[in-house]
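A short write-up of the structure that comes next.
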C-alpha cells in the first residue's frame, strides 16, 4: 500500500494578546473577607424570620399590613441573597 503524503505544517504561534489574557484568568481565587460568612448567614436567617413573623403576627404590625404580599418578596429576597453569597464564599 502506498504511503500518504505528509504535509509539512509550521508550528502554531498564537497572537500576542491571547497569552496575556489567559494568564489573567488563571489568577488564584482569594479567600472571602471575614464579614462574608456572618452576613450570608444573617441574610438567610433574617429572611426566614421575616416570613415567620409575617405569618404569626403580620396582621398586628402596621407596616407589614401595608406591604401585604411584598412581605414574601422581602423574606425570600433576603434568603436568596444569602444563598447567592454562599456560592461565592471561599
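In full-length UniProt numbering, the protein residues as written are 1 to 90.
Glycine residues also receive a C-beta, built at the ideal position from the N, C-alpha and C atoms.
Kindly list the residues whose CB is nearer than 8 Å to the CB of residue 37, restricted to its own chain and excluding five residues on each side of it in sequence; keep chain order.
89
Measure the Cβ-Cβ separation of residue 78 and residue 58 and say whether it is below 8 Å.
Cβ atoms of residue 78 and residue 58: not closer than 8 Å.
Going by DSSP, what residue range makes up the alpha helix (DSSP H) through residue 65?
62 to 67
Expressed to the nearest angstrom, what Euclidean distance is found between the alpha-carbon atoms of residue 1 and residue 14?
37 Å
Go ahead and label residue 17 buried or exposed: buried means 16 or more other beta carbons lie within 10 angstroms of its beta carbon, across all protein chains shown.
exposed
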